[in-house]
Amino acid sequence: MSNTQRITRHEDGRDRVELNPIFSRPGEATMLPKFLFPEEESLQETAYQIVHDEMMLDGNARLNLATFVGTWMDDHASRLYLEAADKNMIDKDEYPQTAAIETRCWRMLADLWHAPDPANSIGTSTIGSSEACMLGGLALKRRWQHARRSAGEPTEKPNIVLSSAVQVCWEKFCNYFEVEPRYVPISEEHKVLDGHGLEKYVDENTIGVVAILGVTYTGMYEPVAAIAAALDRIQEATGIDVPIHVDGASGAMIAPFLQPDLEWDFRIERVASINTSGHKYGLVYPGLGWVVWRDITALPDDLIFRVSYLGGNMPTFALNFSRPGAQVLLQYYLFLRLGRTGFHAVQQSTQDVALYLSSEIAKIPAFELWNDGSDIPVFAWRLRDGYTQNWNLYHLSERLRMKGWLVPAYPMPADLVDITVQRIVVRNGFSHDLAFSFLADLREAVAYLDALEGPLPAEGQHSGFHH
Ligand SMILES: *Cc1c(COP(=O)(O)O)cnc(C)c1O
């Protein structure tokens with residue numbers, strides 16, 4: 000627990016933060032309201048100490064095997080972060096150089112993702128992949144509307160086709176921007192959206208198909224080329240031409256380095272846009288995303304706003320207005336610092352750890368791997384059928400939490416909701432050393448559960464955070 004304060008509940012029912020007398024100065028309040036706006040000032044040291052101590056109650060990010068988001072950068076990055084803390088990404092007038100660097104970054108990504116002519120592509124940074132996906136989806140919707148209107152066709156009922164295993168941001172997109180989601184269920188035979196049966200979902204109101212490079216539930220790649228081939232066949236049969244947006248939140252920063260021959264990006268003509276999270280395998284602190292369109296025709300001009308910029312004007316396409324610019328500079332730093340060889344080395348060592356972990360977990364009789372981490376360094380496993388009635392993966396997740404490890408268990412999406420899996424996301428900083436410790440704790444937890452003489456209660460179990 001924190002050493003300067005205790006959280007107390009007072010008789011009047013208001014919650015306050017109590018300051019340890021060691022830290023209070025004469026005349027200074029030792030109780031601070033927790034939910035009411037404070038009446039008085041406090042000393043800088045006091046306020047600092049309180050916030051600092053509250054933060055200690057957060058988990059240890061190194062032991063968090065649930066999240067994709069980066070939690071470590073080197074000292075030079077930390078220095079830049081402090082120097083750039085005041086930069087506002089939208090203020091291209093005040094920070095033209097940050098704006099120029101943003102452009103360099105998405106042009107580099109266009110290059111990395113094989114845009115036919117990176118100079119003719121267009122892109123932007125965002126606060127994360129969620130915003131980037133919204134922008135990608137909005138561009139698809141607006142393009143479809145333009146095409147329909149110019150053909151004299153109605154535009155009331157746009158739909159988008161996606162796997163039932165999409166990340167929640169796509170449900171948000173459909174809800175907020177009123178596009179009907181057409182979910183293609185996954186199954187044991189079709190573990191990801193692979194183009195199979197796509198003709199049942201696509202029609203003249205389809206604004207696009209989302210292909211996920213690194214499905215959040217399991218880390219598996221959806222075969223973008225196979226999806227594109229299915230759409231080619233649909234176009235031949237019906238004349239309907241449907242573009243693809245690739246949600247590469249994690250995979251778009253893995254595949255270029257670890258699977259350079261895999262065709263998933265702008266090499267496939269149907270791919271209109273790609274997003275990634277700078278703060279996942281882009282290795283930057285949270286809040287940074289990117290979205291790039293293959294060329295300027297893929298992003299309708301009427302979605303773009305022009306802000307004044309040193310006498311000229313700067314096009315912007317964003318949901319936010321003000322937002323931090325520091326992460327963009329950190330991304331640029333990493334692109335310069337690592338280059339292709341450096342990114343390859345970092346991602347490869349992360350994948351080596353994932354493959355080692357999955358191979359060890361596969362040897363434990365209780366488990367059956369769902370996948371092994373050879374796409375992005377993420378994999379999932381389930382309890383072997385008929386292995387035990389005494390415990391399940393939620394119990395295991397709780398046991399691991401006692402050792403500080405966050406390893407979520409959760410049900411798979413439609414049509415596999417009866418299957419529970421547990422997943423590990425290996426990120427930069429999760430070393431072989433930590434992997435050894437984790438495996439020791441995992442084996443111990445399984446041994447404990449296996450030794451139970453009767454079933455553990457299963458009421459009230461809930462899935463862990465796994466986005
Ligand atoms: C994480 C993730 C998102 C959301 O990304 P944020 O950067 O957290 O907003 C979207 N799609 C996929 C496939 C993801 O893994």
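Letter by letter, the sequence shown follows residues 0 to 466 in numbering that gives the first Met the number 0.
All C-beta atoms, glycine included, are put in the ideal place defined by N, C-alpha and C.
These figures come from a predicted structure and were not determined experimentally.
Discussion item. Tell me which residue opens and which closes the alpha helix (DSSP H) that F334 is part of.
Written reply: For the purposes of this step, residue 334 is taken as residue 335 along the sequence shown, with counting starting at 1. For F334, the uninterrupted alpha helix (DSSP H) segment begins and ends at A325 to A361.
Discussion item. By alpha-carbon positions, which one of W71, S396 and I243 ends up nearest to L197?
Written reply: Here residue 197 corresponds to residue number 198 of the sequence shown, with the count starting at 1. Ranking the options by Cα distance to L197, first place goes to I243.
Worksheet item: Which word fits V416, buried or exposed, when buried means at least 16 other C-beta atoms lie within 10 angstroms of its C-beta?
Response: Taking the sequence shown and counting its residues from 1, one reaches residue 416 at position 417. So V416 ends up on the exposed side.
Discussion item. How far does the alpha helix (DSSP H) with S129 in it extend, from its first residue to its last?
Written reply: Along the sequence shown, one-based indexing puts residue 129 at 130. Start and end: S128 to S149.
Item to complete: Just the C-alpha distance for F429 and Y200, rounded to the nearest angstrom, thanks.
Response: Position 430 of the sequence shown, counted from the first residue, corresponds to residue 429. Position 201 of the sequence shown, counted from the first residue, corresponds to residue 200. Their backbone Cα atoms lie some 40 Å apart in a straight line.
Discussion item. Beta-carbon within less than 6 Å of E179's beta-carbon, same chain only, minus the 5 sequence neighbours each way: which residues are those?
Written reply: Locating residue 179 in the sequence shown gives position 180, where the first residue counts as 1. Result list for E179: N158, in chain order.
Worksheet item: Should Q511 be counted as a contact of ligand 1 given a C-beta to heavy atom distance under 8 Å?
Response: For the chain, the structure presents residues 0 to 466; residue 511 sits outside this window and is missing.
Practice prompt. Quick one: give me the first and last residue of the beta strand (DSSP E) that Y175 is part of.
Written response: Against the sequence shown, residue 175 aligns to sequence position 176. Segment V167 to Y175 is the alpha helix (DSSP H) holding Y175; no beta strand (DSSP E) there.
Discussion item. For L298, tell me which candidate among S120, P115, Y47 and T387 has the shortest Cα-Cα distance.
Written reply: Along the sequence shown, read from residue 1 onward, the residue named residue 298 stands at position 299. Nearest option by C-alpha distance: S120.
Worksheet item: Within the present structure, is the beta-carbon of S396 separated from the nearest heavy atom of ligand 1 by less than 8 Å?
Response: As a first step, residue 396 must be located in the sequence shown, where it is residue number 397. The nearest non-hydrogen atom of ligand 1 is 8 Å or more from the C-beta of S396.
Fill in: P410 (DSSP reduced to helix, strand or coil)
Within the sequence shown, the letter at position 411 stands for residue 410. Strand.
Worksheet item: Does the Cβ of S128 have 16 or more other Cβ atoms within 10 Å, making it buried, or fewer, making it exposed?
Response: Counted from its first residue, the sequence shown places residue 128 at position 129. Around the beta-carbon of S128, 16 or more other beta-carbon atoms lie within 10 Å, marking it buried.
Fill in: Nearest-angstrom Cβ-Cβ length linking V291 and W143, presumed shorter than 8 Å
Within the sequence shown, residue 291 is the residue found at index 292, counting from 1. Within the sequence shown, residue 143 is the residue found at index 144, counting from 1. Going by Cβ atoms, the distance from V291 to W143 rounds to 20 Å, so no, they are not a contact pair.
Discussion item. By the three-class DSSP mapping on this structure, what secondary structure does Y393 have?
Written reply: In the sequence shown, residue 393 corresponds to position 394, counting from 1. Residue state, collapsed to three classes: helix.
Fill in: Identity of the residue in G213, W390 and N319 nearest E452 by Cα
In the sequence shown, the residue the question calls residue 452 occupies position 453. Ranking the options by Cα distance to E452, first place goes to W390.
Discussion item. Going by beta-carbon coordinates alone, are I126 and G286 separated by less than 9 Å?
Written reply: As a position in the sequence shown, residue 126 is number 127, starting the count at 1. As a position in the sequence shown, residue 286 is number 287, starting the count at 1. In this structure, G286 lies closer than 9 Å to I126 by Cβ.
Worksheet item: Buried or exposed: which applies to V167, given that a residue is buried once 16 or more other Cβ atoms fall within 10 Å of its Cβ?
Response: Mapped onto the sequence shown, residue 167 falls at position 168. V167 should be labelled exposed.
Practice prompt. Going by CA-CA distance only, name the one from D193, A114, L64 and L318 that's closest to R293.
Written response: Reading the sequence shown from its first residue, position 294 is the one you call residue 293. Comparing Cα positions, the closest option is A114.
Worksheet item: DSSP beta-bridge partners for H244?
Response: Along the sequence shown, one-based indexing puts residue 244 at 245. V209 and S272.
Worksheet entry | Residues that I423 bridges to, as DSSP identifies them | Taking the first residue of the sequence shown as position 1, residue 423 is located at position 424. Per DSSP, F378.
Worksheet item: Cβ of K279 within 8 Å of any heavy atom in ligand 1?
Response: For the purposes of this step, residue 279 is taken as residue 280 along the sequence shown, with counting starting at 1. Yes, the beta carbon of K279 sits closer than 8 Å to at least one heavy atom of ligand 1.
Discussion item. Beta-carbon within less than 6 Å of M30's beta-carbon, same chain only, minus the 5 sequence neighbours each way: which residues are those?
Written reply: Stepping through the sequence shown from its first residue, residue 30 is reached at position 31. Only R15 and E17 meet the Cβ criterion.
Worksheet item: Where Y47 and I226 are concerned, what is the direct C-alpha to C-alpha distance, given to the nearest angstrom?
Response: For the purposes of this step, residue 47 is taken as the residue at position 48 of the sequence shown. For the purposes of this step, residue 226 is taken as the residue at position 227 of the sequence shown. So the alpha carbons of these two residues sit roughly 53 Å apart.
Item to complete: Count the other C-beta atoms from every protein chain shown that fall within 10 angstroms of the C-beta of R339, then say buried if there are 16 or more, exposed otherwise.
Response: Position 340 of the sequence shown, counted from the first residue, corresponds to residue 339. The residue is exposed, with fewer than 16 neighbouring Cβ atoms inside 10 Å.
Item to complete: Provide the residue span of the alpha helix (DSSP H) that contains P180, from first to last.
Response: Counted from its first residue, the sequence shown places residue 180 at position 181. Taken as a continuous stretch (DSSP letters only), P180 belongs to no alpha helix (DSSP H), being part of the beta strand (DSSP E) at E179 to V183.
Item to complete: State the DSSP-derived secondary structure class of V68, mapped to helix, strand or coil.
Response: Counting from one through the sequence shown, the residue named residue 68 turns up at place 69. Three-state result, V68: coil.
Discussion item. Quick check on L31: does DSSP put it in helix, strand or coil?
Written reply: Residue mapping note: residue 31 aligns to position 32 of the sequence shown, counting from 1. It is a strand residue.
Worksheet item: Are the beta-carbon atoms of Y284 and M107 separated by less than 9 Å?
Response: Working through the sequence shown from its first residue, we reach residue 284 at position 285. Working through the sequence shown from its first residue, we reach residue 107 at position 108. No; because the gap between Cβ atoms is not below 9 Å, this pair is not in contact.
Worksheet entry | Three-state secondary structure assigned by DSSP to V290 | Mapped onto the sequence shown, residue 290 falls at position 291. Strand, per DSSP.
Fill in: Local conformation of V16 per DSSP, three classes
Position 17 of the sequence shown, counted from the first residue, corresponds to residue 16. In the structure shown, the three-state DSSP call for V16 is strand.
Worksheet item: Hey, would you say W112 sits closer than 9 Å to I273, going by beta carbons?
Response: As a position in the sequence shown, residue 112 is number 113, starting the count at 1. As a position in the sequence shown, residue 273 is number 274, starting the count at 1. Yes, they are a contact pair.
Discussion item. Using only the alpha-carbon positions, how far apart do D374 and M219 sit?
Written reply: Reading the sequence shown from its first residue, position 375 is the one you call residue 374. Reading the sequence shown from its first residue, position 220 is the one you call residue 219. If you take the alpha carbons of D374 and M219, they lie about 6 Å apart.
Worksheet item: At which residues does the alpha helix (DSSP H) containing E101 begin and terminate?
Response: Position 102 of the sequence shown, counting from 1, holds the residue named residue 101. Here the alpha helix (DSSP H) through E101 covers P95 to L111.
Worksheet item: Should the stretch 264-272 be regarded as contacting the stretch 180-194, the criterion being three or more beta carbon pairs within less than 8 Å?
Response: no
Worksheet entry | Beta-carbon proximity list for S321, same chain, < 8 Å, skipping 5 on both sides | The residue given as residue 321 occupies position 322 in the sequence shown. Taken in chain order, the residues that qualify are N87, M88, I89 and D90.
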